[in-house]
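K.L.:
Sending over a structure as structure tokens; questions will come in a sec.
Numbering (mature numbering (1 follows the signal peptide of the UniProt record, and there is no 0)), first residue to last: -19 to -1, 1 to 266.
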């Protein structure tokens, strides 16, 4: 049985019918009384809201012997992001279902590189340069085209060629005739941005927000505090994360419900099991 499935079953058996007291991302419910939500310990995480798990999940670790690398470290609210080292790729996003596989060498097959190996796809080799691609199949057309990670160069000869983008530039599309690559973005420290993953010839830079900030429509905004001088102290229901602001509720153990009207987050009391929950909402301002 999957360790996560076992953990969930054990948690629900331990809590029984008292599931109306819930915890959220980055937290677990202590198994003893008084009930309260505690932050995940170092090396563990929890991505779910409205749960009664009495343990957080253990963080994944990159396996060097399987050619894996750590792209983003584990946090209390998200698991480790694991990728493959250079010249290796993985067909599936879920690391449990596919290993890092070495990229195909077109030169060894007396063929041309149509599309270079990327994080989620192998090298595509074609018998002639400039051929179009239908998924991974080479197609003969009247146009000379290039693919992701390359730009078209006419040069001095009548025959054009596909040239790799220079470092700091990228092109994400196939079957194009672009003569210039696009410049990669850089994080703006003044706007509290941080580098998550450097750009390569096929994809732009991945940018995140510094600790204490979250991303809202591409901008890094400061996480809210649940303590206000104008009103009584509110309980921190959900910690601030990469994409969500802090969620504050009047009481601990309340559920978080997304509003159908405006997409905002409301606090709610749950009176029965999570399977059949009756809610009394209290909107977060």
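Note that the Cβ used here is the ideal one computed from N, Cα and C, for glycine as well.
How many Å lie between residue 172 and residue 178 at the Cα?
P.N.:
One C-alpha to the other measures close to 17 Å.
K.L.:
Using a threshold of 8 Å, state whether the C-beta atoms of residue 102 and residue 70 are closer than that.
P.N.:
Against a cut-off of 8 Å, the Cβ pair of residue 70 and residue 102 comes out as a contact.
K.L.:
Helix, strand or coil: how does DSSP classify residue 196 here?
P.N.:
If DSSP states are grouped into helix, strand and coil, residue 196 belongs with the strands.
K.L.:
Count the other C-beta atoms from every protein chain shown that fall within 10 angstroms of the C-beta of residue 248, then say buried if there are 16 or more, exposed otherwise.
P.N.:
The residue in question, residue 248, is buried, as its Cβ has 16 or more Cβ neighbours within 10 Å.
K.L.:
Please report the distance separating the alpha-carbon of residue 125 from that of residue 182.
P.N.:
Their backbone Cα atoms lie some 20 Å apart in a straight line.
K.L.:
Can you give the beta carbon distance from residue 270 to residue 81, rounded, assuming they're within the 8 Å contact cut?
P.N.:
Nothing in the structure corresponds to residue 270, since the chain is present only between -19 and 266.
K.L.:
Which word fits residue 246, buried or exposed, when buried means at least 16 other C-beta atoms lie within 10 angstroms of its C-beta?
P.N.:
It counts as buried.
K.L.:
Check each candidate in 232, 84, 37 and name the one with the smallest Cα separation from residue 217.
P.N.:
For the residues 232, 84, 37, the minimum Cα distance to residue 217 belongs to 232.
K.L.:
Please return the same chain residues whose Cβ sits closer than 7 Å to the Cβ of residue 87, not counting the five positions on each side in sequence.
P.N.:
93, 94, 104, 106, listed in sequence order.
K.L.:
Who pairs with residue 269 in a beta bridge, going by DSSP?
P.N.:
Outside the displayed range of the chain (-19 to 266) lies residue 269, so it cannot be described from this structure.
K.L.:
Among residues of its own chain, excluding the 5 on either side of residue 22, which ones have a beta-carbon nearer than 8 Å to its beta-carbon?
P.N.:
Around residue 22: 37.
K.L.:
Per DSSP, residue 94 forms a beta bridge with which residues?
P.N.:
Partner(s): 106.
K.L.:
Considering only their Cβ atoms, is the gap separating residue 156 from residue 220 smaller than 8 Å?
P.N.:
No, Cβ-Cβ distance for residue 220 and residue 156 is not below 8 Å.
K.L.:
Note down, in chain order, each residue of its chain lying with its Cβ closer than 6 Å to the Cβ of residue 119, except the 5 sequence neighbours on either side.
P.N.:
Within the same chain, residue 119 has close Cβ partners 107, 112.
K.L.:
For a quick check, are the C-beta atoms of residue 206 and residue 223 less than 8 Å apart?
P.N.:
Not a contact, by the Cβ cut-off of 8 Å.
K.L.:
In its own chain, which residues sit with a C-beta less than 8 Å from the C-beta of residue 89, not counting the 5 before and 5 after it?
P.N.:
None.
K.L.:
How far does the beta strand (DSSP E) with residue 143 in it extend, from its first residue to its last?
P.N.:
142 to 145 is the extent of the beta strand (DSSP E) around residue 143.
K.L.:
Residue 16 and residue 2: beta carbons closer than 8 Å?
P.N.:
For residue 16 and residue 2, yes; Cβs fall inside 8 Å.
K.L.:
Within 10 Å of its beta-carbon, does residue 10 have 16 or more other beta-carbons around it, so buried, or fewer, so exposed?
P.N.:
By the neighbour-count rule (16 or more Cβ atoms within 10 Å), residue 10 is buried.
K.L.:
Can you tell me whether residue 33 is buried or exposed? The criterion is at least 16 other CB atoms within 10 Å of its CB, across all chains shown.
P.N.:
Residue 33 is buried by the Cβ-count criterion.
K.L.:
Taking DSSP as the reference, what is the three-state secondary structure of residue 2?
P.N.:
Here residue 2 sits in coil by DSSP.
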